[in-house]
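Novice: Sharing a structure below in structure tokens format, with a few things to ask.
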Amino acid sequence: MATFDDQTLASKRTNSSDKISDLPDELILHVLSFAPTKQAVATSILSKRWHHLWTLVPILDFEELPLPHCSDILMQIQQKLFQFVSNVLKRNKSASLGKFRLKCCPCYIDPSPIAKWISPATARGLQEVDLDISYPSINVKHF
Numbered sequence: 019m020a021t022f023d024d025q026t027l028a029s030k031r032t033n034s035s036d037k038i039s040d041l042p043d044e045l046i047l048h049v050l051s052f053a054p055t056k057q058a059v060a061t062s063i064l065s066k067r068w069h070h071l072w073t074l075v076p077i078l079d080f081e082e083l084p085l086p087h088c089s090d091i092l093m094q095i096q097q098k099l100f101q102f103v104s105n106v107l108k109r110n111k112s113a114s115l116g117k118f119r120l121k122c123c124p125c126y127i128d129p130s131p132i133a134k135w136i137s138p139a140t141a142r143g144l145q146e147v148d149l150d151i152s153y154p155s156i157n158v159k160h161f
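If you read the sequence shown in my numbering, its first letter stands for residue 19, the second for the next number, and so on.
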């Protein structure tokens, strides 16, 4: 049997609206521009309204966390990264791009697609490019 408190809580849930979805697209896009692109794309499942919003984000931020060593699955990770970046650039409809950031381990990157990604972006008014292709720093603790 439901108590009064349970009924009140359920009533509040059904009566409350989604406050974030009430915000204007421009504000949501501004917030999404601070998130890594993978997370911005993931918001497309939230609702029909959010399905296309990630394609309008003017900041593209790609980061692939390194594996402890270059392993057998390296080529799969590299292919997925290349496909993801290429697909996002194809689907992005922002009138101008403020920033293109790519951070990954050199194990994951073949430099040839980078020019293919940046050239069209510069034609759309790309203002900043941040490429960090380096091995992660290793913290060695002395015993």
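Ideal placement from N, C-alpha and C gives every residue a C-beta, glycine not left out.
Is the stretch 89-109 touching the stretch 144-153 in the sense that three or more CB pairs, one from each, lie closer than 8 angstroms?
Specialist: With a cut-off of 8 angstroms, the stretch 89-109 and the stretch 144-153 do not count as touching, because too few Cβ pairs lie within range.
Novice: Can you give the beta carbon distance from arginine 119 to leucine 71, rounded, assuming they're within the 8 angstroms contact cut?
Specialist: Mapped onto the sequence shown, residue 119 falls at position 101. Mapped onto the sequence shown, residue 71 falls at position 53. With 8 angstroms as the limit, arginine 119 and leucine 71 do not qualify as a contact, their Cβ atoms being about 19 angstroms apart.
Novice: Would you give the residue range spanned by the alpha helix (DSSP H) that aspartate 40 belongs to?
Specialist: Mapped onto the sequence shown, residue 40 falls at position 22. Unbroken run through aspartate 40: none, as it is neither H nor E.
Novice: What separation, rounded to the nearest whole angstrom, lies between the Cα atoms of glutamate 81 and serine 152?
Specialist: Taking the first residue of the sequence shown as position 1, residue 81 is located at position 63. Taking the first residue of the sequence shown as position 1, residue 152 is located at position 134. Looking at the two C-alpha atoms, the distance is approximately 12 angstroms.
Novice: I need the straight-line Cα distance from serine 29 to aspartate 36, nearest angstrom please.
Specialist: Within the sequence shown, numbered from 1, the residue matching residue 29 stands at position 11. Within the sequence shown, numbered from 1, the residue matching residue 36 stands at position 18. With a pLDDT of only 49 at serine 29, under 50, the local geometry of the prediction cannot be trusted, and no value is derived from it.
Novice: Could you give the DSSP three-state label for isoleucine 91: helix, strand or coil?
Specialist: Along the sequence shown, one-based indexing puts residue 91 at 73. Of the three classes helix, strand and coil, the one that applies to isoleucine 91 here is coil, per DSSP.
Novice: Give every residue of the same chain whose Cβ lies closer than 7 angstroms to the Cβ of serine 51, excluding the five residues on either side of it in the sequence, and list them in chain order.
Specialist: Residue 51 sits at position 33 when you count from the first residue of the sequence shown. So the qualifying residues of the chain are Val75, Pro76 and Ile77.
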